[in-house]
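So the structure is just underneath, and the comments pick up after that.
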Amino acid sequence: MFATDHFVVQPSRSPHQPIPPKDRDELTAKDILRFVRSSWRLCLLWMVVSLGVGGAYAVLSPGYYTAYATILLSSPPASQPGEAEADERVYVESQIQVIQSDEVVGRVVDHTGLAEDEEFVMDDSLRARISSYVRSQLASLFGTELPTAEPNIRHEAMVLVRRAFSVHQLGSSRAVEIGVTSSDPQFSAMLANAIAGGYIGSQRERRQAARAEETSDLHKRLAELREKAFVTEPLKKPPSDPESAERARVLFREQQSAAEVYRSLYNALLQRAHSDFSASSLIPSARVITAAESPRQRSWPPTVLMVALSVMAGGVAGVGHALIRQAMNHRLITVEDVHRSTGLDRIVGIPRIPRRRWNVVGPCEQSLQPVYSKNAPELHSSLSKIATRMRGVQGRQSGFVIGVASPLGKSGSSTVAVHLARIIAATGQKTLLVDANWQKPSMDQPMLNAEPGRKLARAFATIPADQEGLEVLVLRPTGSISDLNASLSISAALQHLLQEYSCIVVDFHSTDRTADLEAAMGVISEVLLVLKARRTFADHLEGILRIIPAEKLSAVILTRINRAAFSPNREYRP
Numbered sequence: 001m002f003a004t005d006h007f008v009v010q011p012s013r014s015p016h017q018p019i020p021p022k023d024r025d026e027l028t029a030k031d032i033l034r035f036v037r038s039s040w041r042l043c044l045l046w047m048v049v050s051l052g053v054g055g056a057y058a059v060l061s062p063g064y065y066t067a068y069a070t071i072l073l074s075s076p077p078a079s080q081p082g083e084a085e086a087d088e089r090v091y092v093e094s095q096i097q098v099i100q101s102d103e104v105v106g107r108v109v110d111h112t113g114l115a116e117d118e119e120f121v122m123d124d125s126l127r128a129r130i131s132s133y134v135r136s137q138l139a140s141l142f143g144t145e146l147p148t149a150e151p152n153i154r155h156e157a158m159v160l161v162r163r164a165f166s167v168h169q170l171g172s173s174r175a176v177e178i179g180v181t182s183s184d185p186q187f188s189a190m191l192a193n194a195i196a197g198g199y200i201g202s203q204r205e206r207r208q209a210a211r212a213e214e215t216s217d218l219h220k221r222l223a224e225l226r227e228k229a230f231v232t233e234p235l236k237k238p239p240s241d242p243e244s245a246e247r248a249r250v251l252f253r254e255q256q257s258a259a260e261v262y263r264s265l266y267n268a269l270l271q272r273a274h275s276d277f278s279a280s281s282l283i284p285s286a287r288v289i290t291a292a293e294s295p296r297q298r299s300w301p302p303t304v305l306m307v308a309l310s311v312m313a314g315g316v317a318g319v320g321h322a323l324i325r326q327a328m329n330h331r332l333i334t335v336e337d338v339h340r341s342t343g344l345d346r347i348v349g350i351p352r353i354p355r356r357r358w359n360v361v362g363p364c365e366q367s368l369q370p371v372y373s374k375n376a377p378e379l380h381s382s383l384s385k386i387a388t389r390m391r392g393v394q395g396r397q398s399g400f401v402i403g404v405a406s407p408l409g410k411s412g413s414s415t416v417a418v419h420l421a422r423i424i425a426a427t428g429q430k431t432l433l434v435d436a437n438w439q440k441p442s443m444d445q446p447m448l449n450a451e452p453g454r455k456l457a458r459a460f461a462t463i464p465a466d467q468e469g470l471e472v473l474v475l476r477p478t479g480s481i482s483d484l485n486a487s488l489s490i491s492a493a494l495q496h497l498l499q500e501y502s503c504i505v506v507d508f509h510s511t512d513r514t515a516d517l518e519a520a521m522g523v524i525s526e527v528l529l530v531l532k533a534r535r536t537f538a539d540h541l542e543g544i545l546r547i548i549p550a551e552k553l554s555a556v557i558l559t560r561i562n563r564a565a566f567s568p569n570r571e572y573r574p
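Numbering follows the numbering used here, in which position 467 of the sequence shown is assigned residue number 467; successive positions increment by one, without gaps.
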């Protein structure tokens, strides 16, 4: 359970003086490394949970499939004389807008019969259900009826189709790709091909209508020119008058000349119309270069993306949880945490000691705590350093009382007390270990010495030690007793034993259960404070330090430190 770290006494700083705030707020690489070491398991746990949630979502969520159809657009129309040359990029963007227009989408809805498909038109999403439920509840609450309107099925089908597909240009070419996403792969391919066919059919109809209109205008103009070019009045018999005859001949020649001009215009226009028709028939129109096929793999949710997002979300959640825990909990995990929290310099760090390193020193009476019969060499060596620095142990004072206490139970105070008593007894001083844990189960009645007037009965026992053995005084109640009477009885017993023993080590209850330590503070010479790593908080330590005078605090022992964060022989230099 325990081993040692270091022990430093620096009288230049008061043991209760906390570190200045500016020192607490400093962030070093050592702090970051310690945070990583203490939080990586939590982050890993969050990542595993996030991966599990992401995997469950990927498996249970409905899959969506995307089918793609590629169209090669026709060449942009030739610019007329005096007009700027058409930009091909602008032309492609305009055709993308045409593909997404109501003209093409409506044509697709009409040709595929989606407006008559109730499963396609009916909005069965969760958002629609919630909206319908809220509206019905509000209507029933206010006593009104929901307004009924005739739904436009064709428009709703067009909106759903427009949401299902997207169009984008492939590079800088005139090829555009139409992608349709649906839960049915066959429907995705069918709708993508229908949209491509709808656009091409719409373009073909527009070209045919424009060509028909142009042909009609051309026929009208040719008819007009034909009338003027081939319809001429024949030359009548010239009048007898020579002057009138001359004028008639001149007029006839002018009509002949005009007819020749109109015939030339007619022939030129006819030839131009023929060449334009032949050229327009050679201009390639938009066509499908890659038809959509039913996709085999789902496009959503993507596996790689889900794994990446799950890992990122788990990592962020783990780091956030670790930061919140560190900011809120203030657990004392290392000796540095104790030093930062209170500014104390007399600190001993004891890492976890495996069970195989514990030795049973000998048989122990049944009335004593089982921990009194165990010994750990690592703990023995570290407590020896503490004992050599105690004033009463060095000067061999008479009636020197050492209190061993902790703010929380099961922190190892009894183990520390018995080891410290063995060490002091080994120096030849008459030492007594007082088991003041009166709330623990009572001993057998014949072993207890309950004298009149005493609230706590006494029983003496002996545990094995290096020399003759270590005497133990066990204090237990023989009946119901209040906390105040128990504390007064412990103080009175210590006052009575001061003249008989050179050194008395008192194993107190934790301060969260009794006030025995505070009540006996007038008798106690020094206090050895025991904390348990990862279980004791800074608030617990500050609470027990309020009842211990600074001059009586011998040392603080932090037990069960993680060996990965254990660093012996390190001294503080505040």
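For every residue, glycine included, the Cβ atom is placed at its ideal position computed from N, Cα and C.
Query: When you compare each of Ala-286, Thr-536, Gly-343 to Gln-95 by their alpha carbons, which one comes out closest?; Result: Ala-286
Query: Between which residues of its own chain and Ile-590 is the CB-CB distance below 6 angstroms, once the five residues before and five after are set aside?; Result: Outside the displayed range of the chain (1 to 574) lies residue 590, so it cannot be described from this structure.
Query: Within 10 Å of its beta-carbon, does Arg-355 have 16 or more other beta-carbons around it, so buried, or fewer, so exposed?; Result: exposed
Query: Val-361: which of Arg-352, Val-371, Gln-97 sits nearest, CA to CA?; Result: Val-371
Query: Between the C-alpha atoms of Leu-282 and Met-306, what's the straight-line distance to the nearest angstrom?; Result: Model confidence at Leu-282 stands at a pLDDT of 48, short of 50, so the residue's coordinates are unreliable; what they give is reported in the following sentence. Computed Cα separation, rounded: 50 angstroms.
Query: Alpha helix (DSSP H) containing Leu-456: first to last residue?; Result: Counting along the chain, Leu-456 falls outside any alpha helix (DSSP H), and DSSP gives it neither H nor E.
Query: Among Ala-421, Ala-67, Ile-350, which one has its Cα closest to the Cα of Pro-295?; Result: Ala-67
Query: Quick one: Cα of Ala-69 to Cα of Ile-195, how far?; Result: 9 angstroms
Query: Count the other CB atoms, across all protein chains shown, that sit within 10 Å of the CB of Leu-473; report buried if there are 16 or more and exposed otherwise.; Result: buried
Query: Quick one: complete alpha helix (DSSP H) runs, 4+ long, within the segment 135–207?; Result: 153–164
Query: What runs of the beta strand (DSSP E), each 3 residues or longer, lie entirely inside the segment 344–384?; Result: 347–351
Query: Would you kindly work out how many angstroms separate the C-alpha atoms of Ser-257 and Arg-249, rounded to a whole number?; Result: 12 angstroms
Query: Do Gly-314 and Ser-50 count as a contact pair if the criterion is CB distance below 7 angstroms?; Result: yes
Query: With DSSP collapsed to three states, give me the class of Ile-71.; Result: strand
Query: Determine the burial state of Asp-87: buried for a count of at least 16 other Cβ atoms within 10 Å of its Cβ, exposed for fewer.; Result: exposed
Query: Which partner residues does Glu-471 have in the DSSP bridge list?; Result: Leu-432, Thr-462
Query: Just the Cα atoms here: how many angstroms apart are Ser-74 and Val-104?; Result: 17 angstroms
Query: Does the distance from the CB of Ala-538 to the CB of His-330 come in under 7 angstroms?; Result: yes
Query: Which residue from Val-108, Ser-554, Arg-174, Ser-39 puts its Cα closest to that of Val-90?; Result: Arg-174
Query: Using only CA atoms, which one of Thr-431, Val-530, Tyr-266 lies nearest to Arg-560?; Result: Val-530
Query: Need the endpoints of the alpha helix (DSSP H) that Asp-539 sits in, please.; Result: 538–545
Query: With a cut-off of 8 angstroms, do at least 3 Cβ pairs link the segment 28–46 to the segment 253–267?; Result: no
Query: Opposite Ala-29 in the DSSP bridges: which residues?; Result: Answer is none; Ala-29 lacks a bridge partner.
Query: Thinking C-beta only, is Asp-483 closer than 7 angstroms to Ala-590?; Result: This structure cannot settle anything about residue 590, because the visible part of the chain is limited to 1 through 574.
Query: For Arg-422, collect the residues of the same chain with a Cβ closer than 8 angstroms to its Cβ; drop the 5 residues on either side in sequence, then sort them by chain order.; Result: Asn-375, His-380, Ala-465, Asp-466, Leu-470
Query: Let's see if you can read the secondary structure: which residues bound the alpha helix (DSSP H) around Ala-519?; Result: 516–519
Query: Using a 10 Å radius around the Cβ and a threshold of 16 neighbouring Cβ atoms, would you call Leu-108 buried or exposed?; Result: Checking the displayed sequence, the identity of residue 108 turns out to be Val instead of Leu. By the 10 Å Cβ count, Val-108 comes out buried.
Query: Taking DSSP as the reference, what is the three-state secondary structure of Ser-411?; Result: coil
Query: If you reduce the DSSP assignment to three classes, tell me which class Trp-46 lands in.; Result: helix
Query: What does the alpha-carbon distance come out to for the pair Lys-22 and His-496?; Result: For Lys-22, the pLDDT reaches just 43, beneath the cut-off of 50, and the residue's location in the model is therefore unreliable, leaving the point undetermined.
Query: So Met-47 and Val-311 are in contact, right, with Cβ under 8 angstroms, and what is the actual spacing, rounded?; Result: 6 angstroms
Query: The alpha helix (DSSP H) that contains Ala-492, what's its start and end?; Result: 483–497
Query: Roughly how many angstroms separate the alpha carbons of Pro-446 and Ser-489, rounded to a whole number?; Result: For Pro-446, the predicted model reports a pLDDT of 48, less than 50, meaning its position is unreliable and no value from the coordinates is stated.
Query: Quick one, which of Lys-228, Gly-197, Glu-243 has its alpha-carbon nearest Gln-255's?; Result: Lys-228
Query: Assuming Val-335 and Gly-349 form a contact by the criterion Cβ under 8 angstroms, report the distance between their Cβ atoms to the nearest whole angstrom.; Result: 4 angstroms
Query: By DSSP, does Lys-440 sit in helix, in strand, or in coil?; Result: coil
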